[in-house]
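Peer 1: Each number in our numbering corresponds to the 1-based position in the sequence shown with 41 added.
The structure that follows is given in the form of structure tokens.
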Amino acid sequence: MVDAVLPTAELLLMTNSKKNMDVSATLLVSQAFYGPIAPTQKYSSSDVEHDRRRLTTPLAENSLLCFDAATADEGVNQQVVDSTKGTWMVVPRGGCTYEHKTWVAQSLYKAAGVIVYNTLASRYTFNETDNTTIIFPVEYHDYDCNNAKVEIPSNELKFFSSRLEAEEKTNLQTSPYNVKINDPLLAGDTVDNLCKIHDENALRNCPSKRCVVAANKTSNDDTTTVCCAWDLLLNPYPDDTIDKNVTIPTIFATMEQGDIILKAMAKAQGDGSVTVSIHSRWRPGYNISAVLIVLFGVFVAGFAAFRSANDYQVGISKLWKGMKKDPTRNINSNPASAVGDGNGGGTQQQQESLVTRSNSLADESLELEPMHAVVFLVMSSFSLFILFFFKIYNVAKVMYAFGCANSFIQIMVYPLLSRFLSSRLCRLSSSGKFCFRERCLYRSEEFGDITNWDVLAGILGYSVGMVWLYMSLCIPQAGEHYTFYWVAQDVLGFCMCVTFLGLIKLNSIKVAATLLIVAFFYDIFFVFVTPYLFKGRSVMIEVATSGGPPKADGLWCEKYPSDSDCKGGDPMPMLFSIPRLFDYQGGASMLGLGDIVLPGLLLSFAARLDAARLVYTLYSKKYGQVDTIPPPMSAWYALLFGGYGYYFVPLMISYAIGLFMANAAVYIMNMGQPALLYIVPMTLGMFAYKGWRRNELVSLWNGPKILGHADLVCYGRPQTSSPPAEGEDEAIATNEEFVDDEAGDVPLISDTSDPSE
């Protein structure tokens, strides 16, 4: 959605008397779309001595600067040029184009810049055909009677009957509007304003405090309808008929700002002068939020991928603790015995598995196959076209909000809540009992035990989700106005990514290559190809921005933000967003969740593969004493700094580089880029290269069997009616195919393992 025409320059107005210099006003003004812009402020606002320039006005014979410079030089002698050279020339709007005014000020008066201020007179013109018919202001563009509407006597106002009369009585001005008589009667919140005289409440809802005649009244009408005039900033457009090189900046000021400037100039006559210092408003040279969003995306992808191997990491910790208790114990025959009590005993659960499936997502996870990549392509394309043609963006937002709220509860709310409620902070000082103990409220086979803690976590999580959903549906550009919105959106998206990568897993690079290559061409097709199929409309961009950018311009949308042509442009919520820091123009840097979770599947595969190597290393105990294996104070230490992150760490670096490349391409090409265009070659290429260097590419392609062995170590053998074949457990620990003599303590994956494994 377009908010408004942004003021891009700052005008510092100073009155200079014989005694001192006073800063009388600081005005935020807009700049033209032609010519150079004002220089950016390099000094503090108080240090403007070096760039102060006087304010001047044109000669009365050409006060609008509408006569051509070649024919309007009468009276403009060298003395006049010397007095206006290097000054900012203040000119009223109307009579001709903005660029024509600027060109005359540049070529005839040698001015340093032009300040065009809005006027009521510029809203009225004569018909070019007969030069007598008055063309009145246009409703909604120039005024709105819904803000203020008053009937005043027709004889109160004065209009010229023809262009000739206007030129004769107003120093060649061509507007039918008599400025000297009408302006005091229609402008300002004063007792002389006719709108206020005939309706004391008329100007209460009129922002400009000015009125214009709403329609052309005949001479027989006793009253005239006047309505509230719009007085907003705009960006002067270039004049295509002018082939001159404009080299000075043009500033546009509102009627209210013009009054401030003219009053300061009138006050300074005879006792000083008025100077201005005009600069473009400062903006950071680098978009810091773009860097932050990339770093945040890398963190989320890495954390979610690493957490997807959480079961292996729990197994690593338990294996290490068991080996520290009794280094002489041989755990090859029963991995769970490594976490016993140190006396050879262990519970039945410990004898079966190191990790309890009910406490993990392993029993709910889905292992992708190549066919799933085809299903992804079909379903994603179908969903995208549904949103593109039927515009049901709010339905997608509702579904996303409920899904994210559920993930938010599982990943953040319940773990933090349970830790707090079971901590010392939640104990009663008198009795030492917990103030809010966990109690089972309902028990079912489908959902398990539902406790009072679950209910409280659900209330908190869904409350955040519903507040965010309300803001998303009802408040345009909520992220630019409310910090809660974009923070909540990022937190909900983070939880969704963690949940997704915990449930969806890859077990071979074949599936990863199929899925990522499909996603690669999917992104390219919907971003770059669909504009050729749908008359310039990109399906991906239009859906991502909830229907594409607004059709109306910023000036119209500032007046009527709820207009249908001003809607759109709000990004869909399936992304991370960080507002641009220290930038008055607003906006945000965004990263789609698809650019996290799809490459994240490959990162998750790498994290699980590296963790499975460490599980096998600890389980097989083939590398001497326990002290030679780095103690996993945490799984992060073991995998990232213990030498076992053979695939995960390089893949994370490649992912970060790819994401930075995509971000750089956005600024180089000045257009949106599909991030997968850069991420997929970097990550998939790095994985294939590392596998090729270790002669493991075939095994990675078909699916490394060490993942199955790590599952057996962590989860135990599934209970069956018949006992396992003799020597089956020993095969895991004694199979030399998993040992890389050249690589030291890193087990080698091989595709020549016995199928019985």
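By construction, the Cβ of each residue, glycine as well, lies at the ideal position given by its N, Cα and C atoms.
(1) Can you check whether the CB of VAL155 is closer than 8 Å to the CB of THR170?
(2) If I measure Cβ to Cβ from ALA446 and keep anything under 6 Å in the same chain, skipping five residues before and after, which residues do I get?
(3) Whole angstroms is fine: what's the gap from LYS304's alpha carbon to ILE582's?
(4) Which residues does DSSP list as the beta-bridge partners of SER318?
(5) Rounded to whole angstroms, what is the Cα-Cα separation between VAL324 and GLN82?
(6) Can MET306 and VAL317 be called in contact, C-beta distance under 8 Å?
(7) In the DSSP assignment, find the unbroken beta strand (DSSP E) run with PHE293 in it and report its ends.
(8) Around the C-beta of CYS481, are 16 or more other C-beta atoms found within 10 angstroms, so that it is buried, or is it exposed?
(9) Do LYS551 and SER645 come within 8 Å of each other at the CB atom, strictly closer than that value?
(10) Helix, strand or coil for PRO722? Go by DSSP, reduced to three states.
(11) Between VAL117 and ALA146, what straight-line distance do the alpha-carbon atoms span, to the nearest angstrom?
(12) Go through its chain and collect everything with a Cβ distance to THR98's Cβ below 8 Å, but skip five positions before and after it.
(13) In chain order, what residues of the same chain lie with their CB nearer than 7 Å to the CB of MET727, ignoring the 5 residues before and after it?
(14) Please report the distance separating the alpha-carbon of SER216 from that of VAL508.
(15) Classify SER86 as helix, strand or coil using the three-state DSSP reduction.
(16) Relative to the C-alpha of VAL638, which candidate in ARG654, PHE617, ARG93, PRO591 has its C-alpha closest?
(17) Over what stretch of residues does the alpha helix (DSSP H) that includes ILE222 continue unbroken?
(18) Thinking just about the alpha-carbon of each residue, which of LEU68, MET512, PHE430 is nearest to the one in VAL439?
(19) Under three-state DSSP, which class holds GLN120?
(20) Leaving aside the five residues before and after ALA703 along the sequence, list all residues of the same chain whose C-beta is less than 6 Å from its C-beta, in chain order.
(21) Can you find the residues in the same chain that come closer than 6 Å, C-beta to C-beta, to GLY299, ignoring five residues on each side of it along the sequence?
(22) Taking ASN251 and LEU161 to be in contact with their CB atoms under 8 Å, please state how far apart those CB atoms are, rounded to whole angstroms.
(23) Is the segment 564–583 close to the segment 724–738, with three or more CB pairs under 8 Å?
(24) Specify whether the segment 63–75 and the segment 265–279 touch according to this definition: at least 3 beta carbon pairs, one from each stretch, less than 8 Å apart.
(25) Check whether the segment 262–270 and the segment 181–191 are in contact - that is, three or more C-beta pairs closer than 8 Å.
(26) As a quick exercise: from TYR526, GLN451, PHE525, GLY520, pick the residue whose alpha carbon is nearest that of TRP494.
(27) Start and end of the alpha helix (DSSP H) containing CYS538?
(28) Looking at the strands, I want to know which residues DSSP matches up with THR97.
(29) With DSSP run on the structure shown, which of helix, strand or coil describes THR211?
(30) Measuring only the C-alpha atoms, how far is GLU180 from ALA255?
(31) Strictly by DSSP, which residues pair up with VAL814?
(32) So what's SER463 in DSSP terms, helix, strand or just coil?
(33) Compute the Euclidean distance between the alpha carbons of CYS515 and HIS750, then round it to the nearest angstrom.
(34) Note down the Cα distance separating PHE167 from GLU206, rounded to an integer number of angstroms.
(35) Would you mind working out which of PRO722, VAL721, MET631, THR67 sits nearest HIS320, comparing C-alpha positions?
(36) When the Cα atoms are used, what is the spatial distance from TRP361 to TYR660?
Peer 2: Put simply:
(1) The answer is no: Cβ separation not under 8 Å.
(2) Once the five neighbours on either side are set aside, the close Cβ partners of ALA446 are GLY502, TYR503, GLY506.
(3) Straight-line spacing of the CA atoms in LYS304 and ILE582 works out to 49 Å.
(4) Residue pairing from DSSP places SER318 in a beta bridge opposite LEU53.
(5) Here the sequence assigns Arg to residue 324, which means Val is not the residue at that position. The alpha-carbon of ARG324 is positioned some 10 Å away from that of GLN82.
(6) If you check the CB distance, MET306 and VAL317 do not come in under 8 Å.
(7) In the DSSP assignment, PHE293 falls within the unbroken beta strand (DSSP E) covering 291–294.
(8) So CYS481 counts as exposed.
(9) No, the pair does not count as a contact, with Cβ atoms beyond the cut-off.
(10) DSSP places PRO722 in helix when its eight states are reduced to three.
(11) If you draw a straight line from the Cα of VAL117 to the Cα of ALA146, it is about 11 Å long.
(12) If we look at THR98 and ignore the five residues flanking it on each side, its Cβ neighbours are SER104, MET130, VAL131, VAL132, MET306.
(13) Within the same chain, MET727 has close Cβ partners PRO691, LEU692, SER695.
(14) About 53 Å.
(15) Reliability of the predicted coordinates at SER86 is poor, the pLDDT of 49 falling under 50, and the value obtained from them is presented with this limitation in mind. SER86 falls in the coil class under three-state DSSP.
(16) Closest option to VAL638, Cα to Cα, is PHE617.
(17) Under the DSSP assignment, ILE222 falls in the alpha helix (DSSP H) whose first and last residues are 220–227.
(18) Of the candidates LEU68, MET512, PHE430, the one whose C-alpha sits nearest the C-alpha of VAL439 is MET512.
(19) Reduced to three states, the DSSP call for GLN120 is helix.
(20) By the criterion of a C-beta distance shorter than 6 Å, ALA703 is surrounded in its chain by GLN714, ALA716, TYR719, once the five residues flanking it on both sides are discounted.
(21) Counting only Cβ-Cβ distances below 6 Å, and skipping sequence neighbours, we find TYR158.
(22) A small correction: the amino acid at residue 251 is Arg; Asn does not occupy that position in the sequence shown. About 6 Å separates the Cβ atoms of ARG251 and LEU161, confirming a contact at the 8 Å cut-off.
(23) Taking 8 Å as the limit for Cβ pairs, the verdict is that the segment 724–738 does not touch the segment 564–583.
(24) A contact between stretches requires three or more CB pairs, one per stretch, nearer than 8 Å, and the segment 63–75 meets this requirement with the segment 265–279.
(25) With a cut-off of 8 Å on Cβ pairs, the segment 262–270 is in contact with the segment 181–191, counting three or more such pairs.
(26) Comparing Cα-Cα distances from TRP494 to each of TYR526, GLN451, PHE525, GLY520, the minimum goes to GLN451.
(27) It spans 524–544 - the alpha helix (DSSP H) in which CYS538 sits, taken as one unbroken run.
(28) Secondary-structure assignment with DSSP links THR97 through a beta bridge to MET130.
(29) Of the three classes helix, strand and coil, the one that applies to THR211 here is coil, per DSSP.
(30) Rounded to the nearest whole angstrom, the CA to CA distance from GLU180 to ALA255 is 7 Å.
(31) Only positions 42 to 798 of the chain appear in this structure, which leaves residue 814 out of reach.
(32) Coil.
(33) When the Cα atoms are used, CYS515 and HIS750 turn out to be separated by approximately 52 Å.
(34) A direct Cα-to-Cα measurement between PHE167 and GLU206 gives close to 11 Å.
(35) When only C-alpha atoms are compared, the closest one is THR67.
(36) Straight across, the Cα-Cα distance linking TRP361 with TYR660 is about 9 Å.
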